[in-house]
Amino acid sequence: MKAAITGWAWRTPLGPSVEGTVDKLLAGERAASPDLGIDAGSYRCQLGAPIRQEPAPTSQRKYLLRMAQYGLEAAKEALSSSGVLAGERLGVFAAVGGLRVHWGDTMPALAKQADDGQGAWERGLGKLHPFWLLRHLSNNAHALFSAEAGARGEGVTCAGSNAGAQALGAALRSLESKAVDAAVVFAYDSLLDPEALVELAARGAATQAALPELAAPYDARAAGFVPGEAAVALVLERGERAQDRAKAFISAADGADASSREPGVAALRRTLARLDARTAVVDGVGLARPDLDALERTCLADRVGAESLLTSASAALGCCGAAGSLVQAVALAESLRRGLLYPIAGLRKPAPGPLTPIQEATRTTSRGGLAVWAGAPGLVGAVRVELP
Amino acid sequence: MTRAVITGVGAVSAFGVGARRLWDGLLAGRCAVGPLRSFDASAFTSQVGGEVPPGERSDPSSWNLPASTGAFIADLQKRSLLRDSKVLFALLAAAEAWQSAGCGSKDSDAGLSIAYGMEQAFLEDLVPLIYGDRLDFTREARVGLPEIRIRSVFDQASSLIAEMLGITGLSLAHASACAGGALAVAQAASLVERGLASMVLCGASDSMLNPMAFGGMCRLNAPSPRNSPDACRPFDRRRDGLVIGEGAAMFLVESEERARRRGARPLARILGWGSTQDAYRLTAPRPDGVPAQRAMERALRRARLAPEQVGYVNAHGTGTPLNDSAEARAIRAALGASADPIPVSSIKGAIGHLMAASGAIELASCLLPFSRGVLPGTANHRERDPECSVEVIGEAPREKRVEVVLSNSFGFGGQNATVILGRFE
């Protein structure tokens, strides 16, 4: 099943508009910075790609922390741009990441606790804000978007590092079964929380380089990705309904293996096998570790051909977890619309291997492209976008 | 189109570890809610819950699992990797479902579709901070922070289940609050019907019976202020809030063809499902119940059933004033004139509200009408409420043969889900 994309929006480390951000992608800019907005001076990973602008003021702020506010913004903007009307036939499919403790809300309740746990309620838990749990509710952005937009159709909220692809899959099945006429799919995630930065560095996933030494994904010197964050939304409709409002068409697949770390060859191959591979353009996840990059390139080459062009939006935007597949879909589709493929930002010395990693914006006549996403534990997402 | 059937089930609840313990408790009309024992809740605004018996959590002999899966779980416990109860419950229920379906290494292509918890972080992981542990975000972290995230990601339990059972299929992790369990099963059926998977282990696990999550619920004033085992009184005139429970339920859902091919005996068919959103408020259902009504109507349409073909409704029935009256209106509206004679019950009075796992555990209870010819009762339902004018089964279970059961799950945030099961013959 493939569906038409009739609306999109995002908030990324390189800006809030699709056009402006893709301009920067094409210019080879990258968002990596040592200014993370937190004191990361003692962390192994000291680079990240944060979203710079503050979320727009909203009455829902009391329920939603920063990333969810971006998610809500992107979903509303995408719906508005699509021209789709809300109602009982509009579904909402959301994707969130993993552990995201809201430390600012939580630490005051923990700060005065006794070591023996006695009097936990009086020492802080009883002073939690009444909305504390609602701010931690896994589907709060989903719920508040539905309420604001008046979307009353089917929906789910998915979680995990490939949650964007999971949510896309659920939306596509819902559209195919005609349970909904349109679906808003939105995802948000940040890998810039303290516990994520520490954990990602501890297991060698995130870079420990300083900015001048930072190597891009697929570079021979690659040594970990830049943790990033993003919120992104798509509005999907069946092709016959969208007609000339279609910006692009999208299909998606997700997969897994039993690994506790990044997925292996078999999971990548199984997932990619479920999508049409007729393309010469690929956006890779770019985990920026020589072994994983090589494995990814080999799997992709088997599927799309060893001469295909390889780029990676995450080289510029950072690794944005659950939002990854949707970010790739928007970046790739907008790039194909322009006939100009963005480079792998910062790539100086491509590691040897199949596919052609591109180092500068490159003309393309391709009408379709494939993107692959991966993350721990053993999860894969893949999307294919095609121009109308 | 391929039809999806349930061929295995596993459950963990306040009645104990194992689906049989759940069914036996419900058949006996017992209530397993009681004073909280796993932490000191004396100063909290609520002090009762549907706790999984503490002794059974760490006693492999009470699990009735094959040696290999039992040893896998016990080893994780020894290595302190199961501090979050919902991961333990998920593993126990998954192992039982896998075993009861007769699955083994030849079924490694199975997928997963599982809901965990209703909070963005696994709050139970923070509990040690109350007890003197300290997180150290420095280069020389003393606390094993890599493990902290590993313990905490939504898909951690899925990853462990996959490792335990040798499963390498796709993996969906649901985070749709109290509708998560039902949606996880619905998505599994959808994958099977569309040929994207021929076998999916699905369900949900949750526990909010720890100081952090329970404290948050208390601050939200969600639990009943009564501190007695009969605090949760679904559809009762005197109802005043929910009781929090914990546990898990998992199902082996597969195509009818695959089940027939491998000689598995289906426990039920998944006939249909539907979901909607209230688009109203985070913590209150839409009073007219219309979106919940639409979820039931969609499920009926998908199942190609007329309302009068439904023989039993397993309600969400939280025991809160707003939910139960809205749900009763929705049931009457969705099932039309036939609503009066269709028996309705809620098992939340007996085991509490399992939050994300509520839809799954309630679906497990929906297998009772098919296996034993009995409809579960509604513990603590003693006074009929005119605002809830449906045929509520009282505290005692009711013997009745039915062909079709309908189960509702309505989540925080207004996500509604209905799943319809049918007798397999």
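Heads up: the protein sequence lines correspond to chains V and U, in order.
Note that the first sequence ends on residue 388 in this note's numbering; no numbers are left out.
Note that the second sequence ends on residue 425 in this note's numbering; no numbers are left out.
Note that the Cβ used here is the ideal one computed from N, Cα and C, for glycine as well.
Tell me whether the beta-carbon of residue i lies closer than 8 Å to the beta-carbon of residue j.
i, j, result
"U/SER345", "U/ILE393", "yes"
"V/GLU73", "V/ARG30", "no"
"U/ASP278", "U/ASN416", "yes"
"U/ALA360", "U/ALA268", "no"
"V/VAL304", "V/THR279", "yes"
"V/GLU229", "V/LEU192", "yes"
"U/TYR312", "U/PRO343", "yes"
"U/SER358", "U/GLY181", "yes"
"V/ALA109", "V/GLY119", "no"
"U/ILE73", "U/LEU92", "yes"
"U/ASP155", "U/PHE235", "no"
When the Cα atoms are used, what is the spatial distance from residue i to residue j?
i, j, result
"U/THR7", "V/HIS102", "40 Å"
"U/LEU367", "V/MET107", "44 Å"
"V/PRO296", "V/ILE344", "The sequence given here has Glu at residue 296 of chain V, not Pro. Going by the C-alpha atoms only, they are around 15 Å apart."
"U/LYS400", "U/ALA97", "26 Å"
"V/GLY150", "U/ALA95", "41 Å"
"V/LEU90", "U/ASP288", "20 Å"
"V/ALA32", "V/ILE38", "15 Å"
"U/ASP75", "V/ALA266", "27 Å"
"V/GLY224", "V/ALA252", "26 Å"
"V/LEU64", "V/ASN140", "7 Å"
"V/ARG269", "V/ALA258", "15 Å"
"U/ILE331", "V/LEU134", "28 Å"
"U/ARG3", "U/ALA175", "26 Å"
"V/TYR389", "U/PRO60", "Because chain V here runs from 1 to 388, residue 389 of chain V falls outside it and cannot be looked at."
"V/ILE5", "V/ALA231", "17 Å"
"V/LEU234", "U/ARG258", "36 Å"
"U/GLY274", "U/PRO291", "11 Å"
"U/PRO307", "U/LEU406", "10 Å"
"U/ALA356", "V/ALA111", "29 Å"
"V/ARG393", "U/VAL200", "No answer is possible for residue 393 of chain V: the residues shown for chain V start at 1 and end at 388."
"U/LEU165", "U/PRO321", "42 Å"
"U/ARG239", "U/LEU335", "24 Å"
"U/ASP136", "V/ALA40", "With a pLDDT of only 47 at U/ASP136, under 50, the local geometry of the prediction cannot be trusted, and the value read off the model is given with reservation. So the two alpha carbons sit approximately 12 Å from each other."
Return the chain-ordered list of same chain residues with a C-beta closer than 8 Å to the C-beta of residue i, the five sequence neighbours on each side being excluded.
i, result
"V/SER146", "VAL92, ARG152 and GLY155"
"U/PRO54", "ARG37 and SER38"
"U/THR168", "SER108, ASP109 and ALA162"
Can you name the start and end residues of the alpha helix (DSSP H) that residue i belongs to?
i, result
"U/MET355", "It is not in any alpha helix (DSSP H) - U/MET355 carries neither H nor E in the DSSP assignment."
"V/LEU292", "290 to 304"
"V/ALA68", "66 to 82"
"U/SER171", "No alpha helix (DSSP H) contains U/SER171, which is instead part of the beta strand (DSSP E) from 171 to 174."
"U/PRO159", "The sequence as given places Ser at residue 159 of chain U; Pro does not occur at that position. Note, U/SER159: alpha helix (DSSP H), 156 to 165."
"U/ILE331", "321 to 335"
"U/PHE370", "368 to 371"
"U/PHE89", "85 to 100"
Enumerate in chain order the residues of its own chain whose CB-to-CB distance from residue i is below 6 Å, with the five nearest sequence positions on each side excluded.
i, result
"V/ALA301", "PRO354 and LEU355"
"U/GLU56", "GLY16, VAL17 and SER62"
"V/SER190", "MET67 and GLU229"
"V/GLU77", "ALA9"
"U/LEU112", "SER158, SER171 and LEU201"
"U/ALA231", "VAL48, SER224 and VAL243"
Would you mind reading off the limits of the beta strand (DSSP E) that contains residue i?
i, result
"V/LEU234", "229 to 237"
"V/TRP103", "Premise fails: V/TRP103 lies in the alpha helix (DSSP H), 103 to 110, not in any beta strand (DSSP E)."
"V/PHE186", "182 to 190"
"U/VAL253", "246 to 255"
"V/ILE250", "248 to 256"
"V/THR6", "3 to 11"
"U/CYS202", "199 to 207"
Can you list, in chain order, the residues of its chain with a C-beta nearer than 7 Å to that of residue i? Leave out the 5 residues immediately preceding and following it.
i, result
"V/GLY339", "ARG363, THR364 and THR365"
"V/THR311", "ASP283, LEU341, TYR342, PRO343, ILE344 and ILE358"
"U/ALA364", "VAL9, ALA11, ALA19, LEU22 and ALA249"
"U/LEU354", "ASP206, GLY245, GLU246, GLY247 and ILE361"
"U/GLN429", "In this structure chain U extends from 1 to 425, so residue 429 of chain U is not present and cannot be described."
"U/ALA295", "GLY274, SER275, THR276, ASN416, ALA417 and THR418"
"V/GLN328", "ASP283, ALA313, ALA371, TRP373 and VAL383"
"V/LEU317", "THR12, PRO13, LEU14, ALA31, ALA49, GLY228, ALA230 and VAL327"
"V/HIS400", "Absent from the structure is residue 400 of chain V, since the part of chain V shown begins at 1 and ends at 388."
Which residues in chain A sit within 7 Å of residue i, going by Cβ to Cβ distance?
i, result
"V/ASP254", "Any reference to chain A falls outside this structure, whose protein chains are V and U."
Could you name each continuous beta strand (DSSP E) segment of 3 residues or more that falls completely within the segment 327 to 384 of chain V, going from the start of the chain to the end?
-> 368 to 375
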